[in-house]
Each structure stands twice: as C-alpha cells, then as structure tokens.
Amino acid sequence: VPSGPRNVISIVNETSITLEWHPPRETGGRDDVTYNIICKKCRSDRRSCSRCDDNVDFVPRQMGLTDTRVFISNLWAHTPYTFEIQAVNGVTNKSPFPPQHVSVNITTNQAAPSTVPIMHQVRATMKSITISWPQPEQPNGIILDYEIRYYEKDQNEFNSSIARSQTNTASIEGLKPGVVYVVQVRARTVAGYGKYSGKMCFQTLTDGK
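Under this note's numbering, think of the first position of the sequence shown as 1, with each following residue one higher.
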C-alpha cells in the first residue's frame with residue numbers, strides 16, 4: 001500500500017479551501033494511487049470534530065482523486081476543520097491496515113455576518129428609544145460592533161442617522177416626542193458589515209404620557 005501524501009499546501013478563503021499535496025514517497029510498487037478526502041468540522045477548541053455535512057462540495061470529487069489537488073467549498077466561515085488526505089491503491093482494500101494519510105488543521109477566514117433576525121424595544125422616553133437584538137445566527141467571525149440606522153417614518157431613508165454599539169443593545173438619543181422611527185441594525189466583523197435587518201418601527205412617548 002502507498003505511504004501518506006506529503007507537503008500539503010492550503011489556500012484558505014471564508015467558505016472555501018484549495019488543498020494541494022505531493023504524491024507518497026512509497027507507492028507500493030504500483031501506479032494506481034488515488035486520493036480520498038475526509039472532511040471534519042471541529043469545535044472552536046478542537047476537542048471534538050464530526051464529519052462534514054453532505055452539502056460540502058469537492059471539485060473534481062471527494063473520493064478517487066487522480067490529481068494531487070482539490071477545491072472544497074460550502075464550508076462555514078471562521079470555523080476549524082480537519083482534512084485527511086488518504087492515499088490508496090488497488091490493494092488497499094486487502095490490507096489489514098487503514099490507508100496512510102496526512103492530516104491538516106485549517107480555520108476558515110472570517111466573513112461578513114448574517115442578518116440580525118429581529119429587534120425588541122426595551123424602553124422609550126420622549127427623546128429616546130432603547131432597543132436590543134440577538135446576535136446574527138451566523139456571526140462568521142468575531143462581532144466587532146453594530147451599526148444602527150434610523151429615520152422618521154414619514155421621512156425618506158436618505159435622511160437617516162447612524163448610531164453604533166459595541167453590545168447588542170443601543171439607546172438612540174435626541175429624538176422628537178411622539179414620533180414613529182424606522183430602525184435597522186447590522187453587524188460587523190473584520191471582513192465587513194453584514195446586510196441590514198428588516199425595517200422595524202418604534203415610537204417615542206408623547207408629551208403628557
């Protein structure tokens with residue numbers, strides 16, 4: 001049976017990876033060596049890993065590769081993975097030993113986060129509205145801050161103002177009493193801002209309330 005592949009080189013993006021490697025030193029005296037890729041997605045501390053989902057894509061394919069290169073996509077951003085590159089030949093199945101392989105640990109890059117799903121009003125005064133929101137379902141990295149865009153409902157969004165928050169709560173100050181405001185929020189990682197959330201309306205208190 002062949003020895004393991006050697007000298008793995010990886011090119012890493014947010015949700016895709018290219019792996020290249022050198023053929024085994026020992027081919028077992030045969031010229032029918034092919035390669036299989038085993039993909040495992042890991043916890044951030046790498047204490048446990050599990051097989052990748054079926055929707056991960058391998059080009060040209062995952063098993064029976066004849067070239068020493070594979071492109072893997074549909075991965076999660078900012079996630080640790082382990083890839084095993086197995087070298088096999090026509091007699092590997094008859095061997096009592098598992099195929100020789102080389103393992104490589106890779107963490108995908110951060111990407112822009114997914115959308116903030118919803119906002120809630122915490123409180124309102126005549127001149128301020130305090131809102132909170134859950135973090136995006138797919139942070140795709142470390143959330144650096146949030147940007148809040150708001151404007152009066154009867155105005156155009158081109159007249160919007162911007163506030164920023166390091167946490168998932170924000171107090172929007174300096175508002176007019178008894179006015180409905182349209183509010184959107186988006187999250188940011190080092191890769192940039194995600195899309196704004198859907199528009200939600202919140203109202204300040206009126207005089208005398």
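Every residue, glycine too, gets a C-beta built ideally from N, C-alpha and C.
With DSSP as the reference, please indicate the residues paired to residue 192 in a beta bridge. 189
Assign residue 26 to one of three DSSP states: helix, strand, or coil. coil
Which of helix, strand or coil DSSP assigns to residue 40: strand
Under 8 Å by Cβ, that's how I've got residue 197 and residue 186 pegged, so tell me the actual separation to the nearest angstrom. 7 Å
Please report the straight-line C-alpha distance between residue 206 and residue 176, rounded to a whole angstrom. 9 Å
Between residue 107 and residue 144, which are expected to be in contact by the criterion C-beta below 8 Å, what is the C-beta distance as a whole number of angstroms? Not quite, the Cβ-Cβ distance comes to about 18 Å (not below 8 Å), so this is no contact.
Look at the alpha carbon of residue 81 and the alpha carbon of residue 39, and state the distance between them as a whole number of angstroms. 7 Å
Quickly, what does DSSP pair residue 123 with across the bridge? List them, please. 130
Taking 7 Å as the cut-off, is the beta-carbon of residue 82 closer than that to any non-hydrogen atom of the ligand FMN? Here there are no bound small molecules, and the ligand FMN is not part of this structure.
If we call anything under 8 Å between Cβ atoms a contact, is residue 191 one with residue 100? no
Taking the DSSP output, what are the residues bridged to residue 175? None; residue 175 has no bridge partner.
Can you list, in chain order, the residues of its chain with a C-beta nearer than 8 Å to that of residue 153? Leave out the 5 residues immediately preceding and following it. 179, 180, 181, 182 and 201
Taking 8 Å as the cut-off, decide whether the C-beta atoms of residue 26 and residue 3 are in contact. yes
Nearest-angstrom Cβ-Cβ length linking residue 73 and residue 15, presumed shorter than 8 Å: 6 Å
Mind the definition here: the stretch 81–95 touches the stretch 36–54 only if three or more C-beta pairs lie below 8 Å; say whether that holds. yes
Cα separation between residue 29 and residue 114? 51 Å
Let me make sure I understand the geometry here. Which of 164, 173, 147 and 161 has the alpha-carbon closest to that of residue 195? 147
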